[in-house]
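Peer 1: Mapping to this note's numbering: the first sequence position 181 is 172, numbers consecutive. Ideal placement from N, C-alpha and C gives every residue a C-beta, glycine not left out. From a predicted model like this one, the values you see are computed outputs, not experimental measurements.
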Amino acid sequence: MTLSLYDTYAREQREFVPIKDDGSVGLYCCGPTVYNYAHIGNLRTYIFEDILRRVLELNNYLVNHVVNITDVGHLVSDADDGEDKMEKGAARTGKTAWEIAEIYTQAFFEDLNHLNIKAPTVICKATDHIEEQIAAIQQIEAKDMTYITSDGVYFDTSRDPEYGYLARLNIEGLQEGARVEKGEKRNPTDFALWKFSPANEQRQMEWESPWGKGFPGWHIECSAMATKYLGPLFDIHCGGKDHIPIHHSNEIAQSMACYGTRLSNYWMHGYFLQTDKSKMSKSSGEFLRMQTLIDKGEDPIAYRFLCLLAHYRSDINFSWETLNSASTALNRMREAYFQLPDGGSTDDNYVSRFTAFVNDDLNTSQVIALAWELLKATDVADADKKATLTYFDNVLGLRLSEWAPAEQAEIPAEIAELVEARQKARADKDWAAADKARDDLTALGYEVVDTPDGSQVKTL
RNA sequence: GGCUCGAUGGCAGAGUGGUGAUGCAGCGGCCUGCAAAGCCGUGUACAGCGGUUCGAUUCCGCUUCGAGCCUCCA
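1. For the beta strand (DSSP E) that contains Asn256, what are its first and last residues?
2. DSSP three-state call for Asn350: helix, strand or coil?
3. DSSP three-state call for His30: helix, strand or coil?
4. Decide yes or no for the touch test of the region 345 to 352 against the region 321 to 328: beta carbon pairs closer than 8 Å, at least 3 of them.
5. Within the region 338 to 388, note down every full alpha helix (DSSP H) run reaching 4 residues or more, in order along the chain.
6. Is the beta carbon of Tyr382 closer than 9 Å to that of Ile406?
7. Note down the Cα distance separating Ser446 from Pro23, rounded to an integer number of angstroms.
8. With the cut-off set at 9 Å, would you say Met281 and Leu34 are in Cβ contact?
9. Count the other CB atoms within 10 Å of the CB of Thr(-7); is the residue buried (16 or more) or exposed (fewer)?
10. Taking a contact to mean a Cβ-Cβ separation below 9 Å, would you say Val16 touches Ile227 in this structure?
11. Compare the Cα-Cα distances from Glu40 to each of Val25, Cys21, Cys115 and report the closest residue.
12. Helix or strand or just coil, what does DSSP make of Tyr19?
13. Specify the secondary structure class of Asp306 as computed by DSSP and reduced to three states.
14. So what does DSSP say about Arg429, is it helix, strand or coil?
15. By how many angstroms is the C-alpha of Leu221 removed from the C-alpha of Leu300?
16. Tell me which residues share the same chain as Leu331 and place their Cβ nearer than 8 Å to its Cβ, disregarding the 5 neighbours each side in the sequence.
17. What does the alpha-carbon distance come out to for the pair Ile128 and Leu53?
18. By Cβ distance below 8 Å, which residues in the same chain neighbour Asp147 in space, the five residues on each side in sequence not counted?
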């Protein structure tokens, strides 16, 4: 069964053919800028990338999954007065830039854990790879594609005839736009490779370089680190769709300059989670993060389930109502799964339909529908349903097999007595007394449910 | 202003040139003393206008509306 993936570079779905023939796949995913917490929209992209990785593994590839940590160089804007996000975060919190990088990096990995996202095989920090970035800038400089302004070393995008192809950028159109500030830049699309430290200011993060003391631009870190760990041309590069016009276009330009490659054979992009019809934005202040959901009593896996309901290449509308509906559905699926007996084997028909769906550009939405169909199927043994769903869950990552109904807390004696009294009333067909007992229990915060095996109480 | 991408039932969201996925909610029923859960059933949904076609929600064009990028952003 062939795997086919949508490649933004080609703007079409292409059959996946790995670059190497040793069964390995190089996957680079743009990681977080650790100046603040990730929000659940950011996290949606990591869920998509996790599904991609699991599907690659389902197809028996060994995935080299590299995720970077941007802990320096991410500017608030490309203008001359652009502040570094890390330094700005430090100023806001009173901690050092290094401390906040550590804090938010830890928080990021906790979020991934909550969402059952597999840990990357390589995690690389920009600040640990300054040498590689300087070397990359030197290579670009050797091709005569850089120039120096008062605040840094810039990439001259006019020297790259294919600049912006990934985004199908209309350079002339951009130039006509009123919102583009060039400053000292020669072209509106030029970007910083190295920024100089302000003359009268001591930055917390700065390094010596052939061009003077300063720090690397944002885009060069991904090119340098991806190349270091995966080579100058690897299989798949992922990120959010907002990276298409700038960040990824720039990464490609840098790799073209250094190695004549487009860096990655496939470029895949996760779409947005919208709230109130607009994207959730880390820089605009208010946003929902994983811990916010957890504090509200939501299950992180319900959020993962919600994301899997939609295709990764379509924006999703988030609301509490939507999350609740996903949560209800997930719990029903868990309950149904839990009730099924062990010891079965996977059903060939369902497995093959499942494989076709995930291999068709990660259609998790169809897989969820298939899971419901399987649960209701009359021609598959219960134990086989469980085995088949367990197999699905290797990709879905809903932790179905780890789930069990919540343990009942100890029932106080007075509650147990009330339940017993109600049982007696029911046996006597004294419905009024039975209903009174139920009302009393409800008032005390307990729900009573009658089953063929007797009455059960649970806390409300 | 330029560019990219969208528009499916109350909500979320797949998919398809011709038999209306799936989930949540709602409604009806079965079951239950009642209830809960569960099960069964239930929806004249494909923005508008043209075009291509025997036939379009699905292909093409225009319009309207929406999102994103062009300034840091998953």
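Peer 2: Put simply:
1. 255 to 261
2. helix
3. coil
4. no
5. 339 to 350, 355 to 367, 373 to 387
6. no
7. 51 Å
8. yes
9. exposed
10. yes
11. Cys21
12. strand
13. coil
14. helix
15. 32 Å
16. Asp373, Ala374, Lys376, Lys377, Leu380
17. 31 Å
18. Met136, Thr137, Tyr138, Arg177, Asn178, Asp181
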